[in-house]
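Colleague:
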Amino acid sequence: MTQTTDLLTAAPPPAARKPRATPRSRHPYRTALSTARARTGLVLVGLVVLAGLLAPLLAGHGPTDQSGQSLAGPGTPGHLLGTDDLGRDLLSRVLYGIRTDLGIIAVAVPAGAALGCLLALVAAAHPVADTVVQRVFDLLLAFPGLILALAVTAILGPGRIPVVLVIALAEVPVFGRLLRGGVLVQREREYVTAARVGGGSGSRVLVRHILPNAADPLVVQIAVSLTVAVFIEGAMSFLGVGVRPPQPTLGAVLSQSMPYLAQAPQFAAGPLITVTALVLGLSLIAEALNREIRR
Amino acid sequence: MRSYLLRRLPSALLVLVAASFVIFTILRLVPGDPATALAGPDADAATVAAIRERLGLDAPLLSQYAHWIGSLLKGDLGPSYAIGGQTADLIGDGLGATTELTVAALLFVIVLGTAFGVLGATSRSRWLTGAVRVVTTAALAVPPFVSGVLLVLVFAVALPVLPPGGRVAFLTAPDLAAQYLVLPALCLALPSAAVLGRYLKDGIERGLAEDYIRTATAAGIPPRRLLWRHTLPNALPPVVTLLGMQVGNLLGGAVLVEAIFAWPGLGQLAEQGLQRRDYPVVQDLLLLLVAVFVLVQLLTDLVYAWLDPRIRWE
Amino acid sequence: MTAQELLEVRDLGVEFTAPDGSPLRAVRGVSFTLRRGETLAVVGESGSGKSTTALALNRMLPGTGHITGGTVRLEGRDLATADDAELRAVRGARIGMVFQDPMTALNPVLTAGRHIDEVLRAHGNRDKAARRARTVELLDRVGIPDPHRRADDYPHQFSGGQRQRILIATALAAEPDILLADEPTTALDATVQDQILTLLGDLNRETGTALVLITHNMGVVARACERVLVMYGGTVVEDGPTAEVLTRPRHPYTAGLLAAVPRLATPSGTRLTGIPGSPPDLTLLGDGCAFADRCTLVEDRCRNATPPLARVTGDVRVACLPAAGRTEPLPAPAPPARIDRPAPGAVVLEADGLTKTYGGRGARKRGVPALDGVSLTLAEGETLGIVGESGSGKSTLARVLAHAHTADGGTLRLRGEDVTRPSRRALHAVRRQVQMVFQDPYASLNPRMTVGEIVAEPLIAFGIGDRDARRERVAELLVLAGLDPAVAGRHPRSFSGGQRQRIGIARALAPAPSVLICDEPVSALDVSVQAQIVGLLTDLQRDLGLSLVFIAHDLAVVRQVSHRIAVMHRGRIVETGTADEVCDRPRDPYTRALLAAAPEPVPPAARPERVEKTRALA
Amino acid sequence: MTELYPLTPSGPSRRSTLRAAGGGALLLGLGLAGCRSAVSDTSSAPQGASAEPRRGGVLNVAVNADFTPALLFAQSGQSLQQRLIYNTLTRYDDRLHPKPELATSWTYAKDGRSITLRLRDDVTFHNGRKFTADDVIFAVKNLQNPLRAAQLRSTAATVTGFEKRGDHELVLKLAHPVNNLFDLFEFMIIADRESVEDAVAGKKFIGTGPFQLKKWSPGSGLSLIRNDAYWQPGRPYLDGVELRVIAQADALISSLRSGQSQLTFDAPGKSLGAVKSDARLTISDYDTGAGAVYLGVNTTVAPLNDRTVRQALAWAVDRDRLVAQTLGGYGLASAAPWPKSSPAYSEANRTHYTHDPAKARELLKSAGHSRLEFPMLHIALPGETAIAESIQYDLKQVGVHVTLQPTDGATAQKKLISQGMPALWSLGHGFAQVQPSTLAVSAYPFNEAKNTSKFRSAAYTKVVREAWTEPETDTAAANALHQKISRILLDEAFLIDLVVRGQLQVSAAGLHGVTLNKFSYLNLDNAYLV
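In structure tokens, the structure reads:
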């Protein structure tokens, strides 16, 4: 013990030693987000998001306006990135595509996460509930996502809802399991006992004490899940069960570009670069948070 | 270990039963039934009715469900409605193909993932770690249907060294089969490999910070050995769990990849079955996938226990 | 230098870079020499830089740590500038290391034998069979029974003491000239600590391996080392033969430290004299004596110039300007002052035949009972000391008494009414009465909350006062616990151990309880700080008329604070009685064992001559 | 190694090394450097590059869907194998004149109420059984069975009596004259009557065709081998045919471009660009036309019950852009369903509607509409979606705002045959390539009695009936009726034809002698690889 304290006050804790003793009182997330790594990530994500939000201003054309000139190359007057097979402006397609994607993942991931966490809390309440919830998670995980996507869309008809639903369902067990695990760990911590002895009711201890400390991995997971969501959206568009055409999504534009990959690579380039930037940004942020939380 | 399995068995069965309900319901909710699919584009009501009757689709849902479960328990899956042939054969062949693909992909995942993880965590050269980051990011950012098409364009069309798609059963001609496998397996593996790499990197970084590594260092154990013999084994168990999860993803991803590489596996079968509303095929197949996943989970738990003596010996 | 001199350290300096980039001088100008086969203790408190010094010797500094100056000569070869290959050759082969926490210092996935095998292998032993033989031999030597079989067991299958033995075997595997033991026994029970120290002593005598023992425990120093190096604020303040230093301390700090150590001999109801203030913040240390701020004999010149480590008499060296002049040793500390405390009143808390068993759920593996029919009473204003080693069930008892866990059997009465299995409301009421102070000041504070929130938590829970009232109350409590109310806004992470424990105490006092259960409240703290906290608790008891249950493994402390003592062993209370009686006239053999094992900071009368040095193991 | 792609001399070595690398990645341990190449393995043509027909070689045909045995006797997504395993009685030439196949000659009765067929006597089934008149009788009866879901059931149903004259002569008695009997003969495959149930169950396929079944792996394809006892001497040239299912369009194209397969009829318009740019592949368009892209209109949805509105839609769509952008430039922009080869074809009908937004708006205004909103169903495949998107845009230009409803095939089909379609839908139809009357009696969307558009008109019914029962002999009268049908279709516009598409054949340069019949049965009797 003393030896520990020794290094603690004597040295900034290298990851090896007891973490909580950083002699600074800032919230770990803020510290994490102020690292160079996270900043780069934030900038990348920010750019993409901004592009999506400002699509109406940045795009010269409507994303569904067609013209005679199909597959025009980049730099064509009026079409910075060129046009797709139906003569639609690719820049606008991509920008509005981002918009749609953001609209989807911004709903789906939080929804899935929320539901998952809710279930996890239910599980925390009682061992029986726990087993039930875990089986539910198993079931959700076991169901092959894309096949589910095909079925769901066949039932609900095309549009955002099935996409959101599929993504959310995929996220539920991920977050649920994470939180459940976290709660189980934190539950045994001494400060929780302290809180109980301090007269805190079960729910208060759970919400006020356990959750904030169990939440760390979730924050990281959100960043990861967002990238997964973009992934799923793309796959669904490719399988023809994505958002209702002609509305562009990154995935839709990508899958439309496939037949022309050889003749008109610029067709695919736009969405690919965007997605990559997004994923890179998010993963950088996730990594930064992860490192900080681990300390 | 046996007692462990016994304890897990009921919940596994529970999942399967629940799954069977969900699957059955979903399929019945999907509009259009095998009869209409079978009747062809220009059929009239009489035709459809006749076919419905032949397939026993006019029976009440519950009895249909009962009949399905019955056929499962009897072990006789019966004929496929629309695709043709026996359901069992269809799924059998598909399973063979998909297993080949998944196993191959899993190999790639492990090899690449380990490479990514170890390099990312230990390499001193910023250049190398940067490169790893780029690759893993790309792997996560480029959807398989793009990477797949790219791989084909490069390796099958531009410089034809590998076949663009199709399959030769591994057992009949391993050397050919391997060449058919490389591209789809790689395409399927990339994202999972990236994920694995990240987890491993994280695990190794944590591991290197542990007290026992300090002990070993103080005892003069050379760095390479520190990494492979002292750190990695401790980073493995969580990674194994992750791999278990990834198997699920791989099976799911097969739907896409098998399509792109014309790989006659379960994914393809599932899509066809769904398109033609081939109830028996889709039902049995989905249930099988769920079962496989549950099984893999059990296995991962066992491997986990095997890797971590603290659990092993309890 | 003579052949005798094995390791020679000359003004070694170590710096860490704080996250905000500011340099942090953990070790400053440390010099000492180590002779062959010598046993040297490096003693000091948190932040004294003792561990950092040890780690610096073979360049094992963690994180941003780096050597800023000085030399570390191992038989002439300077390790401070050696390259990796050289270092690897030294680590293990010339300098073996043993770390504090045997629970984390062994690799969970490697067998005991494998640990040793790896070292042998790393240092060139290619013959598998030979390695195996040697492994078994070593395990046998460090006292692992049935080494042939146990070699293939995993760390978690060994007890703490055994793990420490394995670590020692690992460190000695390559027959180093120096064994560097960093707090090797801190995490262990007194009895086990005793065995380990014996082992280290024997090994030193038999193999002639020089022993450098880093510790905070004066008792350990007295028990195990010929020479002692007292460190403070990153510098050596006193260096000399153990016997000399412990009996005639020259440096005020050494003296204070010795005074702060509770002695078994001191009777119950006395106050320890701790050192005022807390260890220095190394980022703020400037010139002048690091101890100046806490020193009672401070003079102006102390603050201006860093005192050199100067020889005073014989081979005693002291870094204190006033002491340099003084030929006479410092006056012995005043005998501990008696404290006037009210005689205990009526019984408040009464436990009768409490039982508790963990791991009850998975019917497959029933755990051994942690509590096996424990009965005790606690009177108003009384302090009941509970002593026992790890696994004796004393912590469980604390938790059951504080209703953190419910007992499986037996009854628990608070002021006569049965509160063993209280209803929700009753439990609430009980908890307002009975509060708890925890052992680990790090783990018991929610890292996500500010001090203010933490202390206010019970107030909210018990619905005491409105927002403003609570804020005042919190400030009040912080002052009561000896903290500046201004700290309410900061997170626990930015406090030292002692301060955190004060926060914990403030929290416990929040609902104005009448019973305070203290589970090892001081065992995680430095001696000087420990004295402060113990003092605080006794004061609080007197002022608030609290009934205390004071749980600890250190008999000496318990004796001082307690009216009565209960000794726990294997979930049972084996002996109870008034504090003095239990310590002076123990009846139970286990109590005697405990007393015997307790390390006292008095030098052993005579130390047996060192036997002829021999490289071979006995 | 095939000559499907030219190689630089350094090719093979570089290739084998790369291959070893690729393969090796997987077969750790198997240790076969420079192993057999799965690439060269794929296509096996006989050596030598002479231009004239030569025996041998296996032809790999890429198809995007497997055939459905239950639909063996109907026209379904994939009918290539019909004429490979089986034969038909007669075969149309490009001008719809029947030519002998299993039937050598035929004579109509004066009143057109019966026809006498003379059959080949040298034909045996793959199982060695001789082919006789009974097989024909069975085949006709077989098609009358609703379970077979045969499009030409109505025609088959007109055959009410059979009169055998020996084993190889047969008289079919008709309830009334029909003028698409030879469509039936072109359509009707002659299957071994004893194993027909096995056939629809997918167990056995026994016919008289040039190839016999080696193996059918449901969902992934057919493999056929040469029928050495084929009744045409010296035919077929090929040793075998592989039909391999490659559902995904890009995969299908790559399979061709890499030489893995040498023939397909399923190349989607979007991908043709890539194909055109590939010297190793040739595209040939059967302008006889197999089907057409159309815009279906539900005439019960107001204001689509107003013919003027429907006509406005017909004017609004830019058919030429559709051909250029979504069909890769192949196809005939046409307002009428008929391909050039059809007796009902006329340039006037084809261009009856052209792209004229102004006129469309005008019509809408005259009908009292400035802005309309409809849902439009289409199949959720890339090609179909592109078509739908294109139509949607054109309609938007005239103030008709369309929401797309991408739907999977099965659902679309259910809606199609259960009259459950929304206001608009865009699909394809067949049966315009044969006798025009067949379209009206057999193609569901055009059916006079009951069709998806829920369009009923006494006039239509009358003229269709007449056209159908008009004895085939009298061509002049027939043509007049055809013109009437076209008129009604164009004026009523309950089904707006956009593009007439021929079967599009993409084949390796080395493949010759491939033909299709009018129902897209693949005929490889004279096909050979060089």
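Read top to bottom, the protein sequences are chains A, B, C and D.
Numbering follows the numbering used here, with no gaps: position 193 of the first sequence is 194.
Numbering follows the numbering used here, with no gaps: position 137 of the second sequence is 204.
Numbering follows the numbering used here, with no gaps: position 349 of the third sequence is 356.
Numbering follows the numbering used here, with no gaps: position 119 of the fourth sequence is 184.
We treat Cβ as the ideally placed atom computed from N, Cα and C, and that holds for glycine.
From a predicted model like this one, the values you see are computed outputs, not experimental measurements.
#1: Output yes if chain C places a C-beta closer than 8 Å to the C-beta of Gly-184 (chain B); else output no.
#2: Is it right to say Ser-29 (chain C) is buried, meaning 16 or more other beta carbons lie within 10 angstroms of its own, or is it exposed?
#3: Just checking my contact of Phe-276 (chain D) with Ile-290 (chain D) at CB under 8 Å: how many whole Å lie between their CB atoms?
#4: Excluding the 5 residues flanking Ala-311 (chain D) on each side, which residues of the same chain have their C-beta closer than 6 Å to its C-beta?
#5: Does any C-beta atom of chain D lie closer than 8 Å to the C-beta of Leu-273 (chain A)?
#6: Could you check if Thr-103 (chain B) is buried or exposed, using at least 16 other CB atoms within 10 Å of its CB as the buried criterion?
#7: From what residue to what residue does the beta strand (DSSP E) around Val-221 (chain B) run?
#8: So with Cβ pairs under 8 Å, would you call Glu-15 (chain C) a contact of chain B?
#9: DSSP three-state call for Asp-379 (chain C): helix, strand or coil?
#10: Which of helix, strand or coil does DSSP assign to Pro-146 (chain B)?
#11: Chain A beta carbons: is any one of them nearer than 8 Å to that of Thr-107 (chain D)?
#12: Taking 7 Å as the cut-off, is the C-beta of Ser-284 (chain A) nearer than that to any heavy atom in the ligand SAH?
#13: Less than 8 Å separating the beta-carbons of Gly-504 (chain C) and Gln-539 (chain C)?
#14: With a threshold of 8 Å, are at least 3 pairs of Cβ atoms found where one atom belongs to the stretch 555-564 of chain C and the other to the stretch 403-410 of chain C?
#15: My parser needs the beta strand (DSSP E) runs of 3 or more residues fully inside the stretch 314-391 of chain D; what are they?
#16: Would you be able to state if there are at least three C-beta pairs under 8 Å between the stretch 243-258 of chain A and the stretch 90-99 of chain A?
#17: My understanding is that Leu-387 (chain D) touches Ser-336 (chain D), with C-beta atoms under 8 Å, so please give their C-beta distance in whole angstroms.
#18: Determine the closest residue to Ala-60 (chain A) out of A:Thr-41, A:Leu-185, A:Thr-84 and A:Val-46, with distance taken between C-alpha atoms.
#19: If you follow the beta strand (DSSP E) that Ile-234 (chain A) is in, where does it begin and where does it stop?
#20: Check the C-beta distance from Thr-32 (chain A) over to Leu-285 (chain A) and give it rounded, since I have them as a contact under 8 Å.
#21: Report the neighbours of Asp-86 (chain A) on chain D: residues whose CB is nearer than 7 Å to its CB, in chain order.
#22: Using the three-state DSSP reduction, which class does Lys-280 (chain D) fall into: helix, strand or coil?
#23: Would Ser-535 (chain C) and Gly-263 (chain C) qualify as a contact pair, given that the criterion is a beta-carbon distance under 8 Å?
#24: Counting only runs of 4+ residues fully inside the stretch 266-320 of chain C, write out the alpha helix (DSSP H) ranges in chain order.
#25: Quick check: what's the CA-CA separation for Gly-1 (chain A) versus Ala-531 (chain C)?
#26: What span of residues does the alpha helix (DSSP H) with Glu-454 (chain D) cover, start to end?
#27: For Leu-95 (chain D), which of helix, strand or coil comes out of DSSP?
#28: Given a threshold of 16 other Cβ atoms within 10 Å of its Cβ, counted over all protein chains shown, does Gly-87 (chain D) qualify as buried or as exposed?
#29: Let me check one thing: in DSSP terms, what residues is Asn-125 (chain D) bridge-paired to?
#30: First and last residue of the alpha helix (DSSP H) that includes Gln-200 (chain C)?
#31: Who are the near neighbours of Thr-75 (chain C) in its chain, counting only those whose CB is closer than 7 Å to its CB and skipping five residues on each side?
#32: What do you get for Ser-170 (chain D), buried or exposed, if any count of 16 or more other CB atoms within 10 angstroms of its CB means buried?
#33: Please report how far the alpha carbon of Met-443 (chain C) lies from the alpha carbon of His-297 (chain B), in whole angstroms.
#34: Taking CB distances under 8 Å as the criterion, tell me whether Leu-336 (chain B) reaches chain D.
#35: Give every residue of the same chain whose Cβ lies closer than 7 Å to the Cβ of Asp-20 (chain D), excluding the five residues on either side of it in the sequence, and list them in chain order.
#36: Which of the three DSSP states is assigned to Asp-18 (chain C) in this structure?
Modeller: Quick answer:
#1: no
#2: exposed
#3: 6 Å
#4: Note that residue 311 (chain D) corresponds to Ile in the displayed sequence, not to Ala. Taken in chain order, the residues that qualify are Ala-127, Leu-317 and Ser-320.
#5: no
#6: buried
#7: Looking at the DSSP string, Val-221 (chain B) is not in any beta strand (DSSP E), and its letter there is neither H nor E.
#8: no
#9: strand
#10: strand
#11: For Thr-107 (chain D), the predicted structure reports a pLDDT of 45, less than 50, and the residue's modelled location is therefore unreliable. A value from the coordinates is still provided. Not closer than 8 Å to any Cβ of chain A, the Cβ of Thr-107 (chain D) fails to qualify, so no.
#12: This structure does not include the ligand SAH; it has no bound ligands of any sort.
#13: no
#14: yes
#15: 346-362
#16: yes
#17: 17 Å between Cβ atoms; not a contact.
#18: A:Thr-84
#19: Inspection of the sequence shows that residue 234 (chain A) is occupied by Glu rather than by Ile. Glu-234 (chain A) -> not in any beta strand (DSSP E); alpha helix (DSSP H) instead, spanning 217-239.
#20: Not confirmed; about 15 Å, so no contact.
#21: Lys-335, Gln-390 and Ala-451
#22: strand
#23: yes
#24: 307-311
#25: What is shown of chain A runs 2 to 296, which leaves residue 1 (chain A) out entirely.
#26: 447-462
#27: Residue confidence is low: Leu-95 (chain D) scores 41 on pLDDT, short of 50, so the model does not pin down where it sits. Its coordinate-derived value is still stated next. Leu-95 (chain D) falls in the coil class under three-state DSSP.
#28: With a pLDDT of 44 at Gly-87 (chain D), under the threshold of 50, the predicted position of this residue should be treated as unreliable, though the coordinate-derived value follows. Under this definition Gly-87 (chain D) is a buried residue.
#29: D:Glu-307
#30: 197-214
#31: Gly-20, Val-21 and Glu-22
#32: exposed
#33: 41 Å
#34: yes
#35: With chain D covering only 66 through 595, there is no way to say anything about residue 20 (chain D).
#36: strand
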